[in-house]
Structure formats: structure tokens, C-alpha cells
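Protein chains in written order, with the numbering used here: chain A, 1 to 662; chain B, 663 to 1324; chain C, 1325 to 1986.
Where a beta carbon is used, it is the ideal one built from N, C-alpha and C, also for glycine.
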Amino acid sequence: MELGICYYPEHWPREQWPVDAQRMRDMNIRWVRIAEFAWSRIEPSPGVFEWEWLDQAIDTLHAQGLKVVMCTPTATPPKWLVDQMPDMLAVDAQGHTRGFGSRRHYCFSHAGYQAQSQRITRAVAERYGNHPAVAAWQTDNEYGCHNTAISYSSAAAEGFRTWLAGRYGDARELNRAWGTVFWSQEIRNFDEIDLPNLTVTEANPSHRLDFQRYSSWAVARFQEAQYQLLKALSPGRPVSHNYMGFYTEFNHHEVSENLDIATWDSYPLGFTQDFFLSPQEKVQYARTGHPDVPAFHHDLYRGMCASVRADAPAHGRWWVMEQQPGPVNWAQWNLAPHDGMVRLWTWQAFAHGAEVVSYFRWRQAPFAQEQMHTGLNRPDFSLDQGGVEAAQVGEELAELCHTMCASKLSVRNRVALVFDYDGLWMGQIQPQGKDYNGLALAFRLYSALRQLGLDIDIVGPNAPLSAYQLIVLPVSTHVSPALLEQLKNTTAQLVFAPRAGSKTTDMHVPPQLAPGPLQSLLGLRVNRVASLPPGFEEVGHLLDQATTVTGWFEDLALHGAHKLATLSDGRPLVTLNDRACYVAGGLDDAAWQRLLESRALAAGLEPQRLPADLRVSRLGALAMAFNFSDKAIDWSPVGSTSEPLLGEPSVAARGLSIWHLV
Amino acid sequence: MELGICYYPEHWPREQWPVDAQRMRDMNIRWVRIAEFAWSRIEPSPGVFEWEWLDQAIDTLHAQGLKVVMCTPTATPPKWLVDQMPDMLAVDAQGHTRGFGSRRHYCFSHAGYQAQSQRITRAVAERYGNHPAVAAWQTDNEYGCHNTAISYSSAAAEGFRTWLAGRYGDARELNRAWGTVFWSQEIRNFDEIDLPNLTVTEANPSHRLDFQRYSSWAVARFQEAQYQLLKALSPGRPVSHNYMGFYTEFNHHEVSENLDIATWDSYPLGFTQDFFLSPQEKVQYARTGHPDVPAFHHDLYRGMCASVRADAPAHGRWWVMEQQPGPVNWAQWNLAPHDGMVRLWTWQAFAHGAEVVSYFRWRQAPFAQEQMHTGLNRPDFSLDQGGVEAAQVGEELAELCHTMCASKLSVRNRVALVFDYDGLWMGQIQPQGKDYNGLALAFRLYSALRQLGLDIDIVGPNAPLSAYQLIVLPVSTHVSPALLEQLKNTTAQLVFAPRAGSKTTDMHVPPQLAPGPLQSLLGLRVNRVASLPPGFEEVGHLLDQATTVTGWFEDLALHGAHKLATLSDGRPLVTLNDRACYVAGGLDDAAWQRLLESRALAAGLEPQRLPADLRVSRLGALAMAFNFSDKAIDWSPVGSTSEPLLGEPSVAARGLSIWHLV
Amino acid sequence: MELGICYYPEHWPREQWPVDAQRMRDMNIRWVRIAEFAWSRIEPSPGVFEWEWLDQAIDTLHAQGLKVVMCTPTATPPKWLVDQMPDMLAVDAQGHTRGFGSRRHYCFSHAGYQAQSQRITRAVAERYGNHPAVAAWQTDNEYGCHNTAISYSSAAAEGFRTWLAGRYGDARELNRAWGTVFWSQEIRNFDEIDLPNLTVTEANPSHRLDFQRYSSWAVARFQEAQYQLLKALSPGRPVSHNYMGFYTEFNHHEVSENLDIATWDSYPLGFTQDFFLSPQEKVQYARTGHPDVPAFHHDLYRGMCASVRADAPAHGRWWVMEQQPGPVNWAQWNLAPHDGMVRLWTWQAFAHGAEVVSYFRWRQAPFAQEQMHTGLNRPDFSLDQGGVEAAQVGEELAELCHTMCASKLSVRNRVALVFDYDGLWMGQIQPQGKDYNGLALAFRLYSALRQLGLDIDIVGPNAPLSAYQLIVLPVSTHVSPALLEQLKNTTAQLVFAPRAGSKTTDMHVPPQLAPGPLQSLLGLRVNRVASLPPGFEEVGHLLDQATTVTGWFEDLALHGAHKLATLSDGRPLVTLNDRACYVAGGLDDAAWQRLLESRALAAGLEPQRLPADLRVSRLGALAMAFNFSDKAIDWSPVGSTSEPLLGEPSVAARGLSIWHLV
């Protein structure tokens, strides 16, 4: 457990650098990420490299014993490069070129830019690959930010055609896979394929799905090229990339195949304001963030670089590369975290297994787009509230190091949530009801489980599942033969959300209807599907209490399953077939909680209903409790016999306590 | 009264075709529509025709005695054709080309595509024009769907200029008609005319109106060309086209001049979710559809191909070509109809005079854009709920045929609602209040009349009116001399909504102010017009009860008319001059109903306030009652002396009863 | 105090002109504005001028002693001109060319159109510059209407680059000013600058600010060129331009540097419906307009052409050039003003110091875009309600002239509101909270002061301030050294809204943090800023009463200031340092009123809480009261000893009273 910081020496006078480095060290910061946006300073004109300033910056950090995360600067190609090949720019769905003037102004499919990306990566890696201070790498920055994973450029069209030719071999096979006989969409050869934008009405869903897959593949190839160079030129240093929150435009499992450490950028308040949370939640959690927003991503990204070990299938290396330090600039509304939250978020990341939590950024920049984004320090060089709290964590880490390092802090969870990007895309492409949101559903289920005190692994559809006792599948729209095999062979309790197995890999309705290959496992068939408009609700009964059913409802034909819950008219709402549970409609939060609690109990787990806004985590021998509310909460872990290592037995408001269990 | 089905043999293996045909026949289906999207299968490469599969499909249907509605496949030109002439694509109002990849990717104004449309029409008609199975034709599919009646292409600009030259002869006359002296918009010749999109602020309203008229004219010419070919090459077969619901982009009366049977595609749930109904209605009628949504269109399209007979001016040939069979895929939310509704809708169409009700589609396609659109059968070949109900109707038809065929089932209504596309467009072009919606107003008035048990003809502004006792004009923004003459000569009670006569044919304020030529008939002048924002309401008094006045209010100067209703301050709200009633503001639904009831009584009709969600129709000697509610309703027609032919004396929930009156 | 009218002789038959002129004179109208959209009639083909009709029109008006405001017709270049140089058209932010077909279809940066603007200005001025009837000029019409001040054309890009080169001299200086080191946005020369649209995410804020400044500068240069020509060719005639309401796309103080009379177009109902007022206010003031909407602009535009006299710093020449006469056509909803409002608005303008109130328009045009915009007369030549009221004002003016002309009617206000376009733009470019609206805040504070019976000058950031006792700065995001100096030297009470001094002129965070140069004056530093989402509120306490705090809150560190108001947790909400008051969060309206009242008292002013919807003005020895409510209100000015000159002692509903104080 170490702290890090994002630092931009190029933004500050050189005489400030040693002062900053000294203060970083004094705050127990160990890692410094630099240079991810510095291309125009490294290479101010084509082929003219200015290394001197960067040499000095790295040496200054090194002198204080700080470890550097060196970056490839490919998220911000300089103007001269864009002017050399203007068609490297991405194109939006309306056909408008997305110009220079901010960042991420490139198309992943553009061969010329791919070459440039490799050229600058090589240059930086050759310069610093063996520098003793350089202890890790980051590629690019936030792939896909500002919706840049998808581009509708000619380069993308060309790349897509080639990819399709590789995937299908023959136009007839593509015609079959896409069902182009419908509406005379048939093609005679791959050159006849256009991109799926600007069509008269919605494009073919399989066409759209394949374009999403292609675009994801292009990101993965971009990552792979940099990864290979860095591994070759900077041996022994792990390569990371910083992913984002609630972002699903590319398949992160695929891109992570060329990655040593998955990191992500955690901005709990911004994610709470800008995404799908309810207006009530946006107010309630305005200054703390929703408790499960960071946790969900911690668990998601912990599963990215996992070695495929059946006993700890989701224990990959991961960091928080950018931790929100105070108000940000980019959300619809930008609040100040309550005092204590920066410390709480940092410890929460460690509780989920983070190796490093790195704050963004050392000091608020007084200029340009992010001038209203705070840092640990203010632009007048004074320490900001985030800095105070980071320093506190630094001290706590130093103090607790002995105990914690002695513990075996491995993550061993018994609950898995299967998160499938392909499945999400299918739901986005054909939501069937305007407000369907698979990501929101996955988050709701995750949150319900967390409120039951359960620790969760979020895993991809290909992860080994044998370690789990409860497996929840919120967005497994398509179920592969391998996954089906695993699900059959496990003894875990299984919970499937609506739409599970409802599509083939080509995004067709399965020949046997939904849930497709799951029919025998679930003992049912979906006869009919309905999306429900706002204000329209059915009443259901689940485990002795009522639930509203909103948004979605499926008519099931049962052949083996029995009803765990029904609508008022007796139609099945939740079914169970042996250990496989299927939910046929949109439950309310309380009903989901009851259902998951009952399945957890059936799985031999020990769910507990936590006090509101308390969350707990088990990390090796440590038990940690986090209180997101504004009042102290009495809580202690089962089996704890002593005072907490950190904090009070009554968990402080917006604070935390850590116990060491023997 | 016959049943039909939309069928896509090209989507299914050949061995399935005879099975399907046999089952269709067993379900008492008589008509099968085919091939409207099959161009790429008929002509897979330029000039290379593959007829064999279609020959076999038709023969297979023929073998079961099924009658084929053969289609021209022009709604989906294949990719190779688009690649041959990319400028055949339509252009949207933002100037973006609307590409290949779905359907309706063509511009009506494009001469090259017009030639192609005729070439393929000729080819299909030459092949099947005299085939014994082919008993009717459909041109293209849903003209204008996805807002494709209007295109801002260069072809459209060229066509528009030529059309304007024909209409005005001289640029000076256009300058006068459009009032281009305003804002120096004058042109010197027709080449100076641009399309009315992408202007700095709103384009000239007369310019916009003329472009709407031109675009409608272009659709009519496209239809005419196919119609003439089909009539020549397939003698004796009627030609139909399938119109849509709540769609007003072109003038359907104009396009219907080259049509034998007007058909329309009836999706009651989708139309209820996606159009102007209130949030409460969208929930209340989520699974039944609003009762008057199908009825409104049945009566509208019955008036399209009417022979001009004064005694039955709106009794044209019409079908439902596509009847919703279950949940669809395209509405914002897609619910399952309540059990019974597919049967109810089918009989409702017959009650309004449909010759044929044809379901869309035989079997749900498991692939492509409409894979979530149900059919009578599921993709696994099992019968879906819609199929069960269609089969029931088939049996009922067979059973009742003897009685019904013996009856004279002519439609003879005494109430007319005048529906004027030109008038609608004027209101769309200058709504004056953001939420003005002439179509919604027409629907509200129609619905109020239906709730009074009245049968209605919806007629165009040129229809003969002498057969009617009550004539309602919701959107007669412009009144032609011929219509004025008819209105003066009839003895019917007349009800005019706000804006009647408020524009000249050039879309000017009439020299004598609104209601223009109606001033003497109505005995008033409109001095001033106001649109009212949400939340702003006046209170009025109409027939001893209060009404809110929202959305609209006009200050009238009366010269002969007397007040039927007033605002609290005494200003006239509804006036009557002899038999001509004018409404000067936005009444609430109950007030409209009271007013129309009183006018119906004055007209010698016998309005009756029906129970909520019950609707009744008279068809020749048959009286039919449809119950859209979830409880049985006691109702029987005046004069009925016997048990119903079909159903119970108490009309079943979501059911119907039919009486034979002697 | 004189009346005027906007007149379009080109819209009406010649024989009508003398009739109209006679009636104008009979209504005591003195001024007639003409020809601002008449280019296509003046020059129907390139170089072919038709003056005869305009000669006659002017002579006809002259014959009745009417004074003409002659216009340059540059807001509506004719089609032939656009066809000559299509690249004169503006381009919107999406890159779409904004075409011919309405008005204002030109780009201010286009050198070719600049030349044409000067050519036609010269032609008109040479023809009429010395005509005895021509007593004033108007340039163009409503610069910027329909968002046309900003264009993203190549001409604009070129002009911007040149302007930047002039501003910064060296690319390095621009790099510093914009902070382009952030995200590698550095440029090597000015040719590398693009316009700030169509970037991947938000463009650099300094880039955006400079483009806004450049665009404003281009408008000012356009104005200057016409101004210089008119002054040279029509000596002795003042030059005016008609500005708009709630419009901030260019810096009106800058454009007014080449202007003799600032006029504006006052449409109280449309502005109430279309701008930021609350839904409740939109209903409450639907037919009167919000009382302070006209007043705010009267006071704003009175400050535009002010001679720089320290004792009356905001008493420039100004008119209402277009006064709403009845319902308009362009608002979302268009209501009819209550009877009396046209008279009330006219007198209200005079009360704020207007020289002339000119109605738009003489007669409603029956054709083209504005056919639903009323005039003083209806299209059938009858007098409309607005005409009745204008005639009444004409008579009242004639009657009161003697008394009023005897009075010294100078405007001498002791309260200033500093209105800074640069400051507004900074808030628009980085609102930090989605709903931040500096213009709305300025209006709210203005309204609160007006409800306290205070007369206000709205002044630019460079105006002399020594005459004022209370100075309110709602949008002084940046404070220049000169303004700082004035604020330090005045003895006035000062009230600063949030964000005051929070940016440098380059739009950076100041080195010493907000409020930047105001820190010592205010005795505080802003440590942290938060925007608050809807529904999130803090409770504060101000002057013994609670206030909600919404939208915005800043954490302050006080070094000298004391707290006037606090949040519940004790954090400062409003502070006072000597006479400088700072507000750190979004107060509710009542709290703003209490605060401003207390500061006014401290300033030695005599604020009074006026009855709801009453407003009062002092103009020289006249006191005037305006009642926007629907009930008479008893009110009389302090020191009045006699009956009102006009009106009753109890101010009539939607009426006014005028007292002459001795």
C-alpha cells in the first residue's frame, strides 16, 4: 500500500521542482506519474527532441527516492503532427471531424498515427527505459475519454472492412451473421460495407455490434503496440494504463491482455453527478459520492490483469492512478467532498486491494481547461484539504505498515459478478425500452450485495468461476459454450438478470428462444418480452413482501423451474431451478436485496444487512469498515476480539476503522 | 372481411414454406403480402435477376389457395444500386446524406432512382402481373417512414425550382406569393431559390409550405409512375399502398389519387407510446392502446380512395395491411398487448369497414433490426399469443360469414371531420405557441365524438359534404372557395376550431383578417391571437359548466354571432352564428364533449355518452361494441331485440359484442 | 420625450403612404424609422439602384413633418450578392454554412462583405445624408440577432489569427496566455491556430475567450466603418443602432464607442417567456412582462453612449427603437399584453430617460416570417389595441409637455451596477455548475434593488464611479487595475457577488487565488469553490433570518473581513471588510433584498420596500410609479405635496402616476 501523485513539472518553474519533490517525500508519497501530455515539450518540432528538461525533472524526483511512472504522450499529439496528416483526426457519428484544440484528437484506426504512436513511444522508452527512477509505465491516457474509442473516419471504415474480412472470410457468411436478407442489406463483397452511422433509421444491430467489437479491437492493438515496445526497451518495468469510471465503449478485458497493471481514475463525486444515479442519490451523496461507485470499479479493475488462478481468479495488479483530491471541473455540478472523504476513499481503495493510490494532481493548474480542478495543493502553493488528508494517510500507512505488511493481504472473495462488455453493447444497441441500462443494473446488483456485507469479484465472461459460491450475471446477454460449461459445473448459486442468454454471439434471437443455451439450466423459456414505460408498474410478491416491477417484464414458460416470486396475477417473476435463479422483470432495490440475501444464504455465505451508508471489506486478516454517513456507526466485524488498528470501535462519520482479525 | 398476413419466404428455409402455407390456410388466412423488401434477392447484381425462389414461393402459396399481394421492392434499393449513383440518397435538414444500411435510403426527387423504381416495377410486374395467385399489388412500403418524404438534396432543389416555375410562371408572382419584399428575400429568377433548410433563422413560411407541397407532389409522382405500370401490366388487380399512423409529411389525399385501395399499418401500442398522448394516457392505455388511435386512422384511410358519391363520400376501399400482433420493437417502450387485444383490434377494423386485416408478420425474425418485433409465430416456430387470437378471429369470421354477408355492410355516417394536410402544415410551420399540434387537436375532437357514440367520416377538404348533418373542422387553416361554397350550401351544423380560415392559400393573413372567407358564415372577426404558456389558464363557462382555457385564445369581434361560451371577463369563447359554431380557445376535453354533444343534438343526431373505454360502431345492419377496459360493461344498441351474434350482452373486458339489427 | 414608429413603405401600396403619414402625425408620432431591410428594393440587381420609391416615401413622411431615421440595409444582403460571394455566409459551430433565406446571413469577418457594407452605406448616405427629413441614422439591425455575432468561417479563422498576432506579437506570449503547455496545445506560429469549435472536448478557455473578444471586435469594426461614413456624409445627424434584450454575444460597451445614440428593442413579454425567468414568473408576468425586464435594459443602454462625466456617468443618449405593440410571433408562447401595458411600457421608458419610444411596427405585415407579429394597426388597416394606447400616450405627452419640459429631467442615480461582458463570458465559458448564469444573477440583483425603490445606473467596468454611494458588482469576474483603483478610492458601499476577481485578464486563476486583486479590499481569500446541484441546499443565516444557499458556495479564509452571514456550521457566507461586502454563495431572493437594503442604508440611501409589482422612478423633479399588478396600489412619493400630474394618487392597475416634486 503506497501513495502516488500525478505531477506536471512542465507547468511550473524549474526552481519549484526540488521543493515539490521534497514535500512529496515528506508526505510519504512514493510514486510520481509524469509526462503523459508532454509531447509538444518533448518534441516541439518534427524530429527535434528536447530531453533536457525531462531529464532534470526525473533526476530531481529520483534524488528524493521517488519512483516514476513514465508515460507515453500519445493522448495529445502536437499541432504540427495533426497538420502533417489531418486525416488522423477522429470523425464523430454526424460525420464531423473532431479537431485539434483539446486532447485525444486521433483515430485508433489511422495507420499513420499508429506509426507515430510507436515512434514516440520508442523515443521515450529508449531515453528512459533503463533509468533507475523509472519503475513503471503508463500508456497514453484514458483510452476512449470523450467518446473517442469510436471513430467514423475513412481509416476506421477501411480497418473495419479488413477486420470483417478476417472475421467472416466470405461475404456470404457475413450476410448470414448479420441477417442482411432483411431489408435487402446484402453485400457482395466486403468493400460494400459502410460504417453504421448516418443511416436513415437504425443500422443493423449485428453491424453495430461488430463495429463496436472492431473499435475495441483497434484500441487493443494500439495498446499492444506500445506494450511490446515498452516491454522490450524497459525490461522489468510493469506497464499500466489508466481506465475510467462507468465507461464501456471498449472491452477492457480485451485491452488488458497487454497490460501488467490495470489502473483507474477515481472521481466519486463527478461519477455520482454525471451518471445514472437518481436525483435523490445525486443530492444525498453529493459530497461523499455514492459508497459503491469507487468500490464497483476497484473490484472491476482488480479483475483485469488477473492471472488465471482458479483460487483467486480476480486478484490482478491494480492501482488508483488518479484519485479525486477535492472539487473537480468537469461534472455537471462540482461539489467539495466533505472533510475526510479523500482519506476515506484512499483507504477504501486499499481495502479492495489497491497497490497504489495516486492523487490527481499535485497542484491545481491556474490555466487552461482544468484550472478549476483542485489538487493536493492550491495554485498559490498552499496545501489544500486533499493534501492534508493525503498526508494523514501517509502517516497512517507508515504507522500501520508493520502490522499490515505482516498480514497476508490477499483478496479471496466468494461472490462473483460477471461483467460482459459484449452483453452490455447488445443492450445498448437494442435497449427495447428507452431507459434500459445494463451498466446501471450491474451497479445496482453490486450495490445490493455490498449492502449485505459481501465482498465481490467482478469478472469477465471467460474467468474461472470454480472459486465462487454465488455468481450473479446482470448483463450476460450472450452466454458462450465455455461459460455455460462453467455454470453447469460449478456448485455455486446462480442469479441471472433479465435478458440472460437472449442473444447469440451474432446478436440473433436464439433458435430455441431466450434464455438460449441456459434453458435447461434455468428450466424455462422466455415467451414474450415487454419494456414498461415510466409510471407503469406491476405488483409482484417476493419472499413475503411486495415489490414493484418496473421497466421490464418477461412472460416465462416454466419446464422445471419453480416460482420464487410472482406477479399479482400469478405469472412467474423470479424462478429457481435447482441452484439457478432467473429474474424476469425489473425489481425494486429492496426486492433485489431480499433475493440476493436469500441466494447468499443458500450459498452458505453469511450476508448481513449493514447499517445505511456503512460498507465493509475483508482483506486478508484485515476487516475494514467505511462510514459514508454523517453520524458515527457502531459496528465491529464478527470475530474481532480487540480494538481496531485504526479508528474507533464506533466508526466515525465519514471515517473508517480497521481491525486485525486473528 | 378477410384476414391476411405479411410473409417473408426469403427469411426461412424453403422446406418451411409449404408448412407455413398450410398453417396459414388452416387459420383462415386468405391474403399473403410478400417481397416488399426483397430487391437484393430478386436482383442480386445489376441486371441479374433470380426469379426462381420467388416463383416457388408464390406457387407454394397458390397451392393453398392463398391470394398474394405482390409488392414493388423500391423501399430498399440494394447496395450495388446506391454505389452506382450515390446522389440518389436523401439529405437531411442538417445537410447530412442519409446513407445505406437500413431502409428508405432514396430521394423521391432523384431522376435516376425514379427510373430505377420504374425498371424494377416493370420487371416484377412483367413476371407476376398475370400470375393467378397475384390478386393485388402494394407499391413500395410506408412512404415517408423515418421522415423520408422530405429530402434536402440537390435533386430536391432542382425539382423544387422546376415545380415552382410551373406553379408561379414568373419570379414576380413568387415574390408576391411569398412576400419576399420582407427582409429583402426577393429573387430575380427561379434559379435563385434555395431549399428552406440551414437558414440563419426560420425560413419564409410560404417557402416552407411550398417545399412541403412540392415534396408531397414528388411522392405522388413516384406513386403514379408505379401505379400506371402496374395497371398496364397486371390488369384487373387493385393497387394498394400501406400508409402509416399519425404521419402527415405528405398529403395522403394527393397520393391516393393513384391508388385503388388505401391500406395502413396499425400499431396501437406503439402509437400510444410515441406520440402526443399525455403521460397518464400512455400508462392507462399502455397495454390496450388508446381506443381511438386505430379508429381515427381507419376512418381517415377509408376516406382516401372514396369514389366521389355524395351519399357515401368516405366509403373507399381500405385494409389494415399490417396489424400489430404483440410487442413491437420500435416504440420508446414496447409492451405486450393484453390478451384479447389482437382479436379486438381486428374486429374493430372490420367494424370501421376494412376489407382485409393483415397481420405483421407471420413469424418473428430472429435477426436484424426487427428481431424484437413479434409475429403470429415465435422464431422457434411456436404459435404466439397473436396467432392464437388471429386463429380465433378466423373461426369467428367463418362462423358469422353467413349472417354478415347477408347484411349490407355499407358505411353511412352523418358526421364528418375535415382533415386538411395543407392546414396542418401551416400550423406546423408557424405554430405561434410551442406546443400547438393540429393533429393532436383533430384527434381530440375525433375522440370526443367517438365517446358520444357517433360514427365519423374523416374527409379531405375537397370531399362532398352534403351527406352530413354535423361537420367538424379542426385544422381548416385555409378554406378554399369550393369548400366555402359547400359549407354555405349544406344544412349541417358546423364546428370550427381556432385558426379556421386564418390563412390564405399562400399562407398570408387574409386581407379581412381571420377567419378570412368564413367571416360572414361565422359572423365574427378575429382581432387578436394569443398562445398561452403551460400553467397559464383562463376560466371559461360553457353550457353551465366551467372549462379551463389553455394553449390558445383569440379575441373576437362579433358581428352577428352570439356567445355560446365566455371567459370570466365576458369575452366570447365559443360563438354560434345560425348553424356555424366557432371555438376561439383551447377547451378542456369535457368542454369539447359538451359542445360537440350540443351541436350533434342540434343536428338531429342522437349522441349518447358511452361508458368509459367503450366504443361502438354501426356497420350496415350490424352494431358492434368494443370494451377497452378491464371490466365487463353492460351495453346494448338502441333497437336491439335479440342476443348478440358474437359476444355477450354484457361486453366482455377487452372484448366485443356484435348485434344484428333488423 | 417623443414617439416614433417603424415603417415599411415597401410593404404597402404607394397610395397608402400619405394616409399612413397623416395618421402618424395625428397620433403625435414624430419619428419614422425606415429601410433597414430594403436592400433588394434599393438595389434589385448589382449596381442598379432604384431610389425613386424611397425618395417618394421620405418625401411623403417629410410632408407631414415626420423625422426619418434612415437605416443602412446591411442586415439583409440580397440573394444576388450572396451568389456573388457565397463564402460571405456565416458558419455555425457545427461547421454548417448558415444560408440565405431569412436575415443576418453574413459573417462580420468577411472582407468582401465589409466592402459591400461600406458600398451600400455610402450609396444610401450619399443619396439621403443631407435630406432635410433625415434626422438620424440606424446602422444595420440588431447586430448578433439569431446568434450571428460568432461565425466559424474561414474568414473568421483568418481574421482571428491576424487579431491574435496583433494582440500577442509572439506565439510564445500566446502560449503563455492560454497555458497551452497543458495538453500539448502549444503552437509555433499564429497560422497553427484553429477556431475553438469541433474540438474533441472543450477547447482551451482562454482560446474561447479570445475568440469571443475577437468576434466582438469584428462587430465593432463593422459598426465603426458604417459610422465613419455616415458621420462624413450626413453631418449633424446622430447615428444609432438597435441593440437587443438579454443578449451578450458581443461587448456592447465596445461597439458603442462608435455610436451617438444607443437604442434597443423592447419586447417585455417575449423576453419574459424565452429567457431565464422561473416557470412561476413566466405565468405570473405572462401578460405584463416582468416589471424589471424593460427597466434593466433601459438602464443598461442608457449607460452605453454616456459622455464620461463624473457627476452623471451613465446618462447617455438612448431610445427604445422597437417597442412591443401587442402579441409577437417569435417567443415560445406569445400572449397578448393586458390592456394598458403598451402605454405603461412607453411611460416606463421615459421614466428611465428615453428620448424616444418607437413602436414596432406601424402595421402588421400579412406575409412572411413576421406575419403573426402585431403592429399599431392590423393588416386590415384597423387600429389595434397598441395603436389605441400609443395614441393615448401621444395625447398625454402633448398635454404634459409644458410641465415636463420646464423640469430638468436629468438622470442622477446613486446606485451603480457594474456590468462586464468579459466577466460574463468567463462565466459562460467555464460555468463550473451547469446552471450558472451571470446574466440572470445581474438581473436578480438589479430587480432586488428596484424593489427597494432605488434608481440604478448600469455601467461598464471602465465607467467613472465616484458619483455613487452603492456599487454592486454581480459579474466582475476579472477586475482591472483601473477598476480596482476606483473601488479603493470611492467611499461607496461595495457588494461583490461570487467569482468577483476570480480570474486574470487571460482567464487564469490569479496567483494569489480569488478574489485576486480584491483580496486586501475584501479581507479574504477564496480557498475552495463548489457548485451545488438542484435539490442540494445549505441553510444560512443573514440579518436574523434564514436563507437557503443554492447553486454555489465558496470556502473563505478571512483576514480582516467579518461575517455578515454564516452557514449553519459557521462558515462565512457574507462578509464585510470596512465598506466592501462579499457574498460567497447563492442566496435566495429575500436574502439578497435584505442584504442590499442593509448596504443601501449603510450608504446613506433611503431604500423602501415597495408593494409587490410596483416600481418607482425619479427623473429630475418627476417621480413616477408604475403598477404591474391587477389592483390599484396606494403609493405616493416622499415629499409630494400635490396631486399627480398624470394618474391618480392610488396608482391604477397596469397604470401609472406621475408627480412633480418641488
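Going by the DSSP bridge assignment, what does A:S266 pair with across the sheet?
A:Q323
Using a 10 Å radius around the Cβ and a threshold of 16 neighbouring Cβ atoms, would you call A:C71 buried or exposed?
buried
Given this structure, state the Cα-to-Cα distance separating A:K631 from A:I5, to the nearest angstrom.
31 Å
For B:W1007, go through chain A and note every residue whose CB falls closer than 7 Å to its CB, in chain order.
Result: empty, since nearest Cβ-Cβ is about 17 Å, beyond 7 Å.
Among the residues of its own chain, which have a CB less than 6 Å from the CB of B:F937, if the five just before and after it don't count?
F908
Close-in-space but distant-in-sequence residues of the same chain around A:Q273 (CB under 7 Å, 5 per side omitted)
Sequence-distant partners of A:Q273 (beyond 5 residues in either direction) whose C-beta falls short of 7 Å from its own C-beta, in its chain, are K282, A331, Q332 and W333.
Does the Cβ-Cβ distance between C:L1741 and C:V1796 come in under 8 Å?
yes
So with CB distances below 7 Å, who are the chain A contacts of B:K741?
I187 and E192
Distance CB(A:P325)-CB(A:F360) smaller than 8 Å
yes
What residue from A:C305, A:A295 and A:E10 has the CA that sits closest to A:Q56's CA?
For the residues A:C305, A:A295 and A:E10, the minimum Cα distance to A:Q56 belongs to A:E10.
In this structure, does DSSP put C:S1682 in helix, strand or coil?
strand
Where C:E1720 and C:V1415 are concerned, what is the direct C-alpha to C-alpha distance, given to the nearest angstrom?
48 Å
Could you tell me if C:P1456 is buried or exposed, where buried requires 16 or more neighbouring beta carbons within 10 angstroms of its beta carbon?
By the neighbour-count definition (other C-beta atoms within 10 Å, threshold 16), C:P1456 is an exposed residue.
Classification of C:W1791 by the beta-carbon crowding that lies within 10 angstroms, buried from 16 upward:
It is worth fixing the name first, because residue 1791 of chain C is Ala in this sequence and not Trp. Classification of C:A1791: buried, given that the 10 Å Cβ count is 16 or more.
Just reading off the alpha helix (DSSP H) that B:T801 is part of, what are its end residues?
Counting along the chain, B:T801 falls outside any alpha helix (DSSP H), and DSSP gives it neither H nor E.
For A:G101, which option in C:V1505, C:V1898, C:R1933 and C:P1973 has the closest C-alpha, if you only look at C-alpha atoms?
In terms of Cα proximity to A:G101, the closest of C:V1505, C:V1898, C:R1933 and C:P1973 is C:V1505.
Interface positions of the stretch 1807 to 1829 of chain C facing chain B (Cβ-Cβ less than 7 Å), listed along the chain
none
So, is the C-beta of C:K1955 closer than 8 Å to a C-beta in chain B?
no
When DSSP labels each residue in this structure, what does A:M404 get in the three-state scheme?
helix
Cutoff 6 Å; reference A:V320; Cβ partners in own chain excluding five residues on either side
Cβ contact annotation for A:V320 (same chain, cutoff 6 Å, sequence separation greater than five): S266, A349, A354 and V357, in chain order.
Would you kindly check if the distance between the Cβ of C:A1821 and the Cβ of C:E1717 is under 8 Å?
Residue identity differs from the one stated: residue 1717 of chain C is Val in this sequence, not Glu. Not closer than 8 Å, so no.
Would you identify the three-state DSSP class for C:G1436, choosing helix, strand or coil?
The three-state reading of DSSP puts C:G1436 in helix, counting H, G and I together.
Is C:G1910 close to chain A, meaning its C-beta is less than 8 Å from at least one C-beta of that chain?
no
So B:L1323 and B:S1302 are in contact, right, with Cβ under 8 Å, and what is the actual spacing, rounded?
6 Å
Along chain B, which residues have their Cβ under 8 Å away from the Cβ of C:G1711?
Simply none; closest approach about 12 Å.
Relative to chain C, which residues along the stretch 1190 to 1201 of chain B have a C-beta separation below 8 Å, given in chain order?
R1190, V1191, A1192, S1193, L1194, P1195, P1196, G1197 and F1198
Three-state class that DSSP yields for C:I1780 in the structure shown:
Three-state DSSP puts C:I1780 in a strand.
Are the CB atoms of A:R414 and A:P337 nearer to each other than 8 Å?
no
For A:F664 versus C:W1507, is the C-beta spacing smaller than 8 Å?
The first residue shown for chain A is 1 and the last is 662, placing residue 664 of chain A beyond what the model contains.
Chain-order list of residues whose beta-carbon lies under 6 Å from that of C:L1659 (same chain, five-residue window excluded):
L1593, A1610 and R1611
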